[in-house]
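Working notes for the structure below.
Protein chains: 2
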Amino acid sequence: MMTVRLGIIGIGQQGGAYAGFISEGKVKNMVIGAICDIDPEKKAMCAEKYPDVPFFDNYIDMLESGKVDAVVTTVPHYLHPEMGIEALKRDIHALVEKPAGVYTKQVKELNEFAATKPDVTFGIFFNQRTNPLYQKLKELIDNDEIGKIRRTNWIITTWWRPQGYYDSSAWRATWAGEGGGVLVNQAPHQIDLLQWICGVPKKVYSNVKYGYQRDIAVEDEVTTLLDYGNGATGVFITATHDVLGTDRLEILGDKGKIVVDDSKKITIKRLNTPESEMSATMSMQDVMKIFMGGDVSDVYSEEVLEFESVWGAQHIAVLENFAANIVDGTPLIAPGSDGIHGVALANAIHLSSWLGKEVELPIDEELYLAELNKKIEEEKSLVNQ
Amino acid sequence: MMTVRLGIIGIGQQGGAYAGFISEGKVKNMVIGAICDIDPEKKAMCAEKYPDVPFFDNYIDMLESGKVDAVVTTVPHYLHPEMGIEALKRDIHALVEKPAGVYTKQVKELNEFAATKPDVTFGIFFNQRTNPLYQKLKELIDNDEIGKIRRTNWIITTWWRPQGYYDSSAWRATWAGEGGGVLVNQAPHQIDLLQWICGVPKKVYSNVKYGYQRDIAVEDEVTTLLDYGNGATGVFITATHDVLGTDRLEILGDKGKIVVDDSKKITIKRLNTPESEMSATMSMQDVMKIFMGGDVSDVYSEEVLEFESVWGAQHIAVLENFAANIVDGTPLIAPGSDGIHGVALANAIHLSSWLGKEVELPIDEELYLAELNKKIEEEKSLVNQ
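For the record, the sequence lines run as chains G and C.
All letters in the first sequence, in the order written, are residues 1 to 385 by UniProt numbering.
All letters in the second sequence, in the order written, are residues 1 to 385 by UniProt numbering.
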C-alpha cells in the first residue's frame, strides 16, 4: 500500500494543525513529505519540531523536489487557485483549502486545468462534509424523507470574532488580503453545506453590512434571501458580532421538516400524509381539532438524533479521504471542482449588496472582479492617506 | 360606574366569539347593546340566541339607534376605516378589527378623522398585545435589558390554512375581497408586535409568493428583509403552507439575546459585559477558552420564562381595556392610531415584491393603490373569462 507524502504549503494555524495530526500518525496512509513557508520564524520552528522534514521557502521548489506526492494549500485565499494549478501541472495531487478562491474567474481556471488532469487527485478542504451530522442530513434529503424542499432558513452566527482577531495581521479582513469577511473566511463551510445538501440557489438578494460592529473594510454581517428557481426559497444569515451565536438550520419539505440545532441535534418531523394532500382534503374544523389539544401523532412522527462533535476528527477525515482517493480510488467526499459553487454564491451575495438588487447565478464574473478591484483600490487610497 | 353598550358589526366567527364572551359576563363593564349583520340567516340565529338584543341589518341605523355607546367592526378588512369614521362621527367609540384597513391611504383618513375626536375612544383589536408573554418581552426591550437592538429574526409559519379554508367564501384570499393573503389576514398580529416591541423598519425588500402552495391569487408565503435605518436588520418570514409551523423570534442586542419559542417561552441571555466591550478587550485565545469547554457563566447568564396561553383571554382583555378607557380613562393597550404601522409595513412588503426592489417607508401610497387596483382588475377579468 502506497503512503502519500504530503507537502504543506503554509505552516500557520491550519497547516500546523494538519502537520500535528499527520506526525502523530492519526492520518492513515499519509506522512509529511515537506513543509514550505516564506516566514523565517516558521523555518526555525520547523527545524526544531520536524527536524527530519525537508523545508522550503518557495513552493515551486518543493513541488519539483521529488519529496512530495501531494500538497495542501494552507495559505491566503487568493493563492489557492494558482498553487493548485502549479501542483496539478506537475502531477502532484492537490488539496486546496476553502474557499477555492476569492472570485469565480480564478476558480474556473483551476477547475478547467484540473479537468485536463483526470488522473491527478484534486480535492477541497470542506471538513464539515465529513461531519456525521451533515452526512446524515444529506442522506435524509437525498432519500426524499421530507419530500421536495420548499424552504431553507439558516441562521449561523456562531462565528464570533473580536476586534483583536481582525487586528492580528495587516492583510486580515481587507479586500486586497482576503477579498471579503465572514463570507470568505468563516461561512464558506455553511455555504458549501447548504448547496451540497439543498441545491444551488439561482437568485439572491442580500443586505451585507461592511464594518458594522467591527472596524474593518469587509463584511461582519450578512442577510441573504435565496431563491432556488424551482419555487423553493430561503434565508442565509451570518455574522461575526454575535457572541451568543445561533446555529439553526430549518428545512421544510412537502413531507416534513428538519431542524438542525447547533450542528449537534437533528429533529425530523415526518408527516403521515404529504402537506399538499392534507391541504386538499382537510377542513378548518379538522385543523382546529389537531391544534386545539389534539393528538399530533395523527399528523406527524418525530425523531431526534444527537451527535457528538470531536475537534480535529473532521480534518483528519478529509486528509484520510484525500489519501484514500490517491491510493485506491475511494471517491472524494469533496471533489475540488465543487469549490466553485460556494465561491459563486459568496460572490453573488457581495455583488447583490454592491448593486442594491437581486442577482442571478451565475453572475457576471468580469463585473464582480471589476467591483472587487474598485474596493481594493479604495482601500489602498485609505491606507496611503 | 358606567357600562358600555357594545354594538357588534358583523356576527361571524370573531363577532360571534365576542358576543359569547360579553353575554357570559366575562367582560367587565360591557354588555351587548345591539348586533348588526347583512345576512338574514344571522338575524334568525341572533333572534334565537340573543332575543333581547336589538338587531340591525344596516350599521348606520344601529349607530343612530341610541342603543350603543361603542362598536366593534368584525367585518371584511376594507370596511374597517369607513365604519370607524361613521361611528366616531356620531361620538360612538370605535374598536376596529385588525388590520386597520387594506391600504394606508384609507387608514390615514381614519386616523386623521379620529384625531378630531380626542374624547371618543378609538382602539384596534391587537389582542396579542395583551398576551403576557409579549407584554413581558416589550418590558424587557423597553428596559434596555439586552441593549440596543442589532437584529430581529422572526420565522412565524404557524398560520397553516388548507385549500378548503380559502375556498370557503368567494371573497376570501382575493385582491378585491381581502386585499392580500397571509400579510393581511393572519400575520398582522406579528407585524404589529414586531413594530410595537422592536420599532418600525425603514426599508424592506421582500420575496412574496402568490398562490405558491395554494390555488389563490394572493400570497401564501412571505420572506422579508428588514432594515431599521439605524444599523439594525432583520428578517420576517411567514407562510400558510407549513403544517409543522415554526414560531421563533430572535432579538439580538449589544447586551444580550432573547429567543421566543412558540409564543410560549422566552429565553434571555444577558451578557456580563456588552459585546462591543468584549470585542475591544478579548483576544482569540480568550475566545477559544470560553468556547472550548469553558464556563459560559463567565460570559452570560440565562433566564427562561414560560407562559401558559389561555384561548379567549386576550380578546376579553382587549374588550375590557377598551371599556376601561371609555369608563375611566385607563390607557389603551392598542390605540387605534397604531394600526397604520402594520398596514404600512404589509403594504411595503407587497410593493417591494411587485416592483422587485427595496422600498422605503413610508411608501408612495398612490402607487400602492394603483398597483392594488391593477391586481383587482386582473382578478375580475380572470373571473369573467
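By construction, the Cβ of each residue, glycine as well, lies at the ideal position given by its N, Cα and C atoms.
What you are looking at is a predicted structure, and each value in this text was computed from that prediction instead of being measured.
Chain C contact residues for residue i, given Cβ-Cβ distances below 9 Å
{"i": "L358(G)", "result": "In the sequence as presented, Leu is not what sits at residue 358(G); that position holds Glu. Those are Y205, N207, G356 and K357, listed as they occur along chain C."}
{"i": "P162(G)", "result": "M278, S279, A280, T281, M282, S283, M284, D286 and V287"}
Distance between residue j and residue i (C-alpha atoms, nearest Å)
{"i": "D338(C)", "j": "L79(C)", "result": "17 Å"}
{"i": "I92(C)", "j": "I268(G)", "result": "53 Å"}
{"i": "L137(C)", "j": "N143(C)", "result": "10 Å"}
{"i": "I290(C)", "j": "I251(C)", "result": "23 Å"}
{"i": "I258(C)", "j": "I266(C)", "result": "7 Å"}
{"i": "G253(G)", "j": "N325(C)", "result": "47 Å"}
{"i": "E360(G)", "j": "Y228(C)", "result": "26 Å"}
{"i": "P335(G)", "j": "K98(G)", "result": "12 Å"}
{"i": "E221(G)", "j": "T240(G)", "result": "7 Å"}
{"i": "L226(G)", "j": "V96(G)", "result": "27 Å"}
{"i": "A313(C)", "j": "F125(G)", "result": "55 Å"}
{"i": "K117(C)", "j": "E306(C)", "result": "41 Å"}
{"i": "P162(C)", "j": "N230(G)", "result": "22 Å"}
{"i": "S297(G)", "j": "S263(G)", "result": "26 Å"}
{"i": "V102(G)", "j": "E178(G)", "result": "7 Å"}
{"i": "V235(G)", "j": "T223(C)", "result": "8 Å"}
{"i": "A346(C)", "j": "D247(G)", "result": "29 Å"}
{"i": "E365(G)", "j": "A176(G)", "result": "17 Å"}
{"i": "Q285(C)", "j": "Y166(G)", "result": "13 Å"}
{"i": "residue 414(G)", "j": "D69(G)", "result": "Absent from the structure is residue 414(G), since the part of chain G shown begins at 1 and ends at 385."}
{"i": "K108(C)", "j": "P362(C)", "result": "12 Å"}
{"i": "I35(C)", "j": "Q13(C)", "result": "14 Å"}
{"i": "R90(G)", "j": "I11(G)", "result": "22 Å"}
{"i": "K375(G)", "j": "T330(G)", "result": "42 Å"}
Proximal residues of chain G, C-beta to C-beta of residue i below 7 Å
{"i": "L252(C)", "result": "D242"}
{"i": "K269(C)", "result": "L244"}
{"i": "K257(C)", "result": "L244"}
{"i": "I22(C)", "result": "Within 7 Å Cβ-Cβ: nothing; I22(C) doesn't reach chain G, min ~22 Å."}
Status (buried if at least 16 other CB within 10 Å, exposed otherwise) for residue i
{"i": "L183(C)", "result": "buried"}
{"i": "M278(G)", "result": "buried"}
{"i": "G293(G)", "result": "exposed"}
{"i": "S381(G)", "result": "exposed"}
{"i": "D242(G)", "result": "buried"}
{"i": "A344(G)", "result": "buried"}
{"i": "T174(G)", "result": "buried"}
{"i": "G25(G)", "result": "exposed"}
{"i": "I60(C)", "result": "exposed"}
{"i": "E272(C)", "result": "In the sequence on display, residue 272(C) carries Asn and not Glu. So N272(C) counts as exposed."}
{"i": "K148(G)", "result": "exposed"}
{"i": "P81(G)", "result": "buried"}
{"i": "T121(G)", "result": "buried"}
{"i": "P201(C)", "result": "buried"}
{"i": "D215(C)", "result": "exposed"}
{"i": "A94(G)", "result": "buried"}
{"i": "V204(G)", "result": "buried"}
{"i": "A19(G)", "result": "buried"}
Under 8 Å from the C-beta of residue i: neighbouring residues of chain G
{"i": "R5(C)", "result": "In chain order: nothing, as chain G lies at least about 31 Å away."}
{"i": "G339(C)", "result": "Under the 8 Å cutoff, chain G gives no residues; its nearest Cβ is about 26 Å from G339(C)."}
{"i": "D227(C)", "result": "N207"}
{"i": "V310(C)", "result": "Near V310(C) there are no residues of chain G at all, since even the closest Cβ is about 12 Å away, more than 8 Å."}
Within-9 Å CB hit, residue i to chain B
{"i": "A239(C)", "result": "Given the protein chain composition of this structure (G and C), no chain B is represented."}
Integer Cβ distance of residue i from residue j, believed to fall under 8 Å
{"i": "A100(G)", "j": "L88(G)", "result": "At roughly 13 Å, the Cβ-Cβ gap does not stay under 8 Å, so A100(G) and L88(G) are not in contact."}
{"i": "V4(C)", "j": "N29(C)", "result": "6 Å"}
{"i": "H350(C)", "j": "G180(C)", "result": "6 Å"}
{"i": "F55(G)", "j": "K43(G)", "result": "6 Å"}
{"i": "Y134(G)", "j": "I197(G)", "result": "7 Å"}
{"i": "I146(G)", "j": "G256(G)", "result": "4 Å"}
{"i": "M62(G)", "j": "V327(G)", "result": "Actually they are not in contact, since the Cβ atoms of M62(G) and V327(G) sit about 21 Å apart, beyond 8 Å."}
Listed by chain order, chain G residues near residue i by CB distance under 9 Å
{"i": "Y300(C)", "result": "V243 and L244"}
Closer than 8 Å at the beta carbon, the chain C residues around residue i
{"i": "R214(G)", "result": "S279"}
{"i": "T233(G)", "result": "N207, K209, E221 and T223"}
{"i": "I155(G)", "result": "N153 and E250"}
Heavy atom of the ligand NAD within 8 Å of residue i beta-carbon
{"i": "V304(C)", "result": "Because no ligand of any kind appears in the structure shown, any question about the ligand NAD cannot be addressed here."}
Contacts that residue i makes with chain C (C-beta to C-beta distance below 7 Å)
{"i": "E275(G)", "result": "H241 and V243"}
{"i": "Y165(G)", "result": "M284"}
Query - Touching by the beta-carbon criterion (3+ pairs, under 8 Å), the stretch 139-157 of chain G and the stretch 186-198 of chain G - result: Output reads yes: the stretch 186-198 of chain G touches the stretch 139-157 of chain G.
Query raised in the report: Three or more C-beta pairs closer than 8 Å, one from the stretch 305-325 of chain C and one from the stretch 118-130 of chain C: is that the case here?
Result: The stretch 305-325 of chain C makes contact with the stretch 118-130 of chain C; the number of CB pairs closer than 8 Å reaches 3 or more.
Query raised in the report: Is it a yes or a no for the stretch 33-44 of chain C touching the stretch 346-361 of chain C, going by three-plus beta-carbon pairs under 8 Å?
Result: Between the stretch 33-44 of chain C and the stretch 346-361 of chain C there are fewer than three inter-stretch CB-CB distances shorter than 8 Å, so the stretches are not counted as touching.
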